[in-house]
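> Using the numbering used here, read the sequence shown as starting at 6 and increasing by one per residue.
In this text, a Cβ means the ideal position worked out from N, Cα and C, and glycines have one as well.
Sharing a structure, written as structure tokens. Questions coming.
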Amino acid sequence: MFKTEVWQVENLANLLSGEKTNNLPEILRGIFFMDGNPLPDDFIKFDGAAWDETSKVLKLPVFAPLQWTFANSNSGRLLFYSAKLTNTIYEIHFDDSLKSAQIIPIILGLRVPKWLFEFSLVQIDEKTWDRKNSWFGGLFDNFGYTLRKILDENGQPTSEFAGVQSKIPQEFLVATKD
Numbered sequence: 006m007f008k009t010e011v012w013q014v015e016n017l018a019n020l021l022s023g024e025k026t027n028n029l030p031e032i033l034r035g036i037f038f039m040d041g042n043p044l045p046d047d048f049i050k051f052d053g054a055a056w057d058e059t060s061k062v063l064k065l066p067v068f069a070p071l072q073w074t075f076a077n078s079n080s081g082r083l084l085f086y087s088a089k090l091t092n093t094i095y096e097i098h099f100d101d102s103l104k105s106a107q108i109i110p111i112i113l114g115l116r117v118p119k120w121l122f123e124f125s126l127v128q129i130d131e132k133t134w135d136r137k138n139s140w141f142g143g144l145f146d147n148f149g150y151t152l153r154k155i156l157d158e159n160g161q162p163t164s165e166f167a168g169v170q171s172k173i174p175q176e177f178l179v180a181t182k183d
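Okay, structure coming up:
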């Protein structure tokens, strides 16, 4: 069981106190900011999710404690509780180089077909990823953003942090364990 709390940005590194994933590549460790995300979710960490080193697949529950954060707003709460209610998981299939990935949403235990939602990650450099979202077979594909590693796995700011500091929300919602 878990609860939802409002955290201040100065406590962001505390997300790293959650579960750890064995053999998770360093490039996926730390806290990432969803820069330009049109939806009301803000930060994410991959550490703590299930990682299959052989297939390079990460199963990331959107609602898991200390995994994902949401805007401290009605729309942020709606998105969080919708993800929790539908047991939304992102199954992220990386290529062998870990430089690109296809993201398959799993909602209510069912994989969403690519013609409905097609999500991807493409690495720009060691700290940034281009995150594309395409809906309804490409009919709508202008919902992308940049995923930026702003804290390393030890909670220290990266070079990306200073460039987005003014965009980072001062408070956010996060699921924590009871």
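(1) If we count the other Cβ atoms within 10 Å of its Cβ and call it buried at 16 or more, is residue 47 buried or exposed?
(2) Can you give me the start and stop residues for the beta strand (DSSP E) that residue 84 sits inside?
(3) With three or more C-beta pairs closer than 8 Å as the rule, is the stretch 35-53 touching the stretch 69-86?
(4) With burial defined as no fewer than 16 other Cβ atoms inside 10 Å of the residue's Cβ, what is the status of residue 139: buried or exposed?
(5) Would you list the one or two residues that DSSP bridges to residue 65?
(6) How would you call residue 167, buried or exposed, if buried means at least 16 neighbouring beta carbons within 10 angstroms?
(7) Hey, quick one: how far does the alpha helix (DSSP H) through residue 165 stretch, first residue to last?
With the structure as the only source:
(1) Along the sequence shown, read from residue 1 onward, the residue named residue 47 stands at position 42. Buried is the call here.
(2) Against the sequence shown, residue 84 aligns to sequence position 79. Segment 79-90 is the alpha helix (DSSP H) holding residue 84; no beta strand (DSSP E) there.
(3) yes
(4) As a first step, residue 139 must be located in the sequence shown, where it is residue number 134. With 16 or more Cβ atoms within 10 Å of its Cβ, residue 139 is classed as buried.
(5) Taking the sequence shown and counting its residues from 1, one reaches residue 65 at position 60. DSSP, once it has assigned bridges, lists 95 as partnering residue 65.
(6) For the purposes of this step, residue 167 is taken as the residue at position 162 of the sequence shown. Looking at its Cβ environment, which holds fewer than 16 other Cβ atoms inside 10 Å, residue 167 is exposed.
(7) As a first step, residue 165 is located in the sequence shown; it is residue number 160 there, counting from the start. Per DSSP, residue 165 belongs to the alpha helix (DSSP H) from 164-169.
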